[in-house]
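Heads up: the sequence shown runs through residues -5 to 71, numbered per the numbering used here.
Where is the CB? At the ideal position from N, CA and C, for every residue including glycine.
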Amino acid sequence: TEHAPATCNSCGYLVGLQGSLGALFGVCTNEYSPSDARVVCRDHGCGGHSDVVAEQRGTELHAPVYDTIGIDDSLFE
-5 TEHAPATCNS
5 CGYLVGLQGS
15 LGALFGVCTN
25 EYSPSDARVV
35 CRDHGCGGHS
45 DVVAEQRGTE
55 LHAPVYDTIG
65 IDDSLFE
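Dropping the structure here:
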């Protein structure tokens, strides 16, 4: 729980269980969490909370290049 900004109780990926178990437990549905598809206690914190913001985003890709001058003759045969 050192890396968790909050507990699972306030996470958008927590699906509560029905009945009396739902007061203490839920199922994690965050595919990027090590707790994905597991029953977790509501005071658990895995670091994959829905409020976590990634420090580094992926690199920005170059704009696509379209060949608008050449003609592919095989398309018209």
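Would you mind working out which of the options sits nearest residue i, comparing C-alpha positions?
i	options	result
ASN3	LEU18, GLY13, GLN12	LEU18
CYS5	GLY16, LEU15, CYS40, GLN12	CYS40
PRO(-1)	SER44, GLU54, ILE63	SER44
Would you decide whether residue i is buried or exposed? Buried here means 16 or more other CB atoms lie within 10 Å of its CB.
i	result
ILE65	exposed
VAL9	exposed
HIS56	exposed
GLY42	buried
THR(-5)	With a pLDDT of only 47 at THR(-5), under the threshold of 50, the placement of this residue in the model should not be trusted; the figure read from the coordinates follows. So THR(-5) counts as exposed.
SER29	buried
Does residue i come out as helix, strand or coil in the three-state DSSP assignment?
i	result
GLY106	A question about residue 106 goes unanswered here, because the residues of the chain that appear run from -5 up to 71.
GLY10	strand
LEU55	coil
CYS5	coil
SER68	helix
GLU25	coil
Please tell me whether residue i and residue j are closer than 8 angstroms, where the distance is taken between their beta carbons.
i	j	result
CYS22	ARG36	no
VAL34	GLY16	no
For the beta strand (DSSP E) holding residue i, just list the boundary residues, first then last.
i	result
VAL33	33 to 35
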